[in-house]
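A.B. asks:
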Amino acid sequence: MLAILVSAAQNAPEWLAILGPDSLELAITIGTRPISHVGTEDAQADDPTIEREKKEAAVLTAALELALIVLDGCIELDEGKSLGLDHTNLLFGVGEWAGAVFANLEKGLRVEGGGGLHEAKLQRAAAGVLLKVDELRTRWSRSMIDTR
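For the sequence shown, numbering that gives the first Met the number 0 assigns the number 0 to the initial residue and increments by one for each residue that follows.
This is the structure:
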């Protein structure tokens with residue numbers, strides 16, 4: 000739902016300076032919280048955390064999709080210049096996060112609530128974010144400040 004609102008607000012004058020970067024930070028914050036992995040069978044059936052853990056894949060997918068919408072919007076509005084030059088560390092952070100998610104999925108790590116369609120959506124979203132970040136890095140790498 001938040002991704003729809005962010006996408007709808009794309010024509011606002013504040014989008015590139017405020018809404019886009021802040022939404023990207025929110026996506027990273029939500030997406031990097033600790034994730035439960037499949038294989039913890041010792042939980043009781045009446046445990047209230049089980050229902051929450053089943054939604055891990057959906058939450059992670061939504062965070063990646065939000066990041067993808069922001070990256071795509073930045074590319075559409077100013078070819079990613081404001082994000083690539085003014086928020087370089089944020090752009091690199093998104094790439095690192097999506098890369099870690101994608102690498103873990105490629106290794107076979109399963110996320111609670113994943114499998115089947117959810118796992119495919121999660122992997123597609125992570126790959127999409129990686130491609131958009133790479134596109135921005137390639138386009139603005141000569142102008143980016145060295146952040147080491």
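Even glycine gets a Cβ: it sits at the ideal position worked out from N, Cα and C.
#1: If I follow the unbroken alpha helix (DSSP H) through residue 136, where does it start and stop?
#2: Can you list, in chain order, the residues of its chain whose CB lies under 8 Å from that of residue 14, leaving out five sequence neighbours each side?
#3: What is the rounded straight-line gap between the Cα of residue 24 and the Cα of residue 61?
#4: Would you check if the distance between the CB atom of residue 2 and the CB atom of residue 74 is smaller than 8 Å?
#5: On the DSSP letters alone, give me the boundaries of the alpha helix (DSSP H) that residue 87 sits inside.
#6: Relative to the alpha-carbon of residue 112, which residue among 56, 63 and 33 has its alpha-carbon at the smallest distance?
C.D. replies: Answer, in terms of the structure:
#1: The residue labelled residue 136 in the question sits at position 137 within the sequence shown. Here the alpha helix (DSSP H) through residue 136 covers 116-139.
#2: As a first step, residue 14 must be located in the sequence shown, where it is residue number 15. Excluding sequence positions up to five before and after residue 14, its CB lies within less than 8 Å of the CB of 8, 72 and 76, all in the same chain and listed in chain order.
#3: Looking up residue 24 in the sequence shown gives position 25. Looking up residue 61 in the sequence shown gives position 62. If you take the alpha carbons of residue 24 and residue 61, they lie about 14 Å apart.
#4: Looking up residue 2 in the sequence shown gives position 3. Looking up residue 74 in the sequence shown gives position 75. In this structure, residue 74 does not lie closer than 8 Å to residue 2 by Cβ.
#5: By 1-based counting over the sequence shown, the position of residue 87 is 88. Counting along the chain, the alpha helix (DSSP H) containing residue 87 begins and ends at 87-105.
#6: Along the sequence shown, read from residue 1 onward, the residue named residue 112 stands at position 113. Closest by alpha carbon: 56.
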